[in-house]
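These notes concern the structure reproduced below.
Residue numbers (my numbering): 6 to 157.
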């Protein structure tokens, strides 16, 4: 996915709003998730959204997303965001994020998703393992929040 950073996307410093970059990450990841599942998906969480460098007005933002791992009804999509100077062609890695989606059936209920084929590829297997760690962490945090809500 490619976006041109316009004045409406920037703050008073001439750099893109973090929320704008996050929204583009969500769109890019959702497209990857829907294409993988061949079904509607909803965003369940956005993890580890790291802004590494500012993105200035006039730059071209390039978002690359891919499914890292799938579970029963959910999947994780990683997004890498690069900013390109359209005149020099120089690019810099400016942001990364991991998003979790849930696939939905025709009634809006969670449905099974396909299994990611790791094809004995070391890079894919590493990404799947890291996705599993992030999922375990999310589930532990959710459990802690629920305990806090029950026992304030």
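Glycine included, every Cβ here is placed at the ideal spot set by N, Cα and C.
Extent of the continuous alpha helix (DSSP H) run through residue i
| i | result |
| --- | --- |
| residue 181 | Because residue 181 is not part of the residues shown, which for the chain are 6 to 157, the question remains open. |
For residue i, the three-state DSSP class (helix, strand or coil)
| i | result |
| --- | --- |
| residue 104 | strand |
| residue 109 | strand |
| residue 115 | strand |
Beta-carbon proximity list for residue i, same chain, < 8 Å, skipping 5 on both sides
| i | result |
| --- | --- |
| residue 117 | 77, 78, 108 |
| residue 55 | 100, 101, 102 |
| residue 16 | 22 |
| residue 11 | 62 |
Residues near residue i in its chain [Cβ-Cβ closer than 6 Å; skip 5 each side]
| i | result |
| --- | --- |
| residue 154 | none |
Can you check the segment 9-96 for any alpha helix (DSSP H) of at least 4 residues that lies completely inside it and give the ranges in chain order? 23-42
Would you check if the segment 65-80 and the segment 111-127 touch, i.e. whether three or more CB-CB distances between them fall below 8 Å? yes
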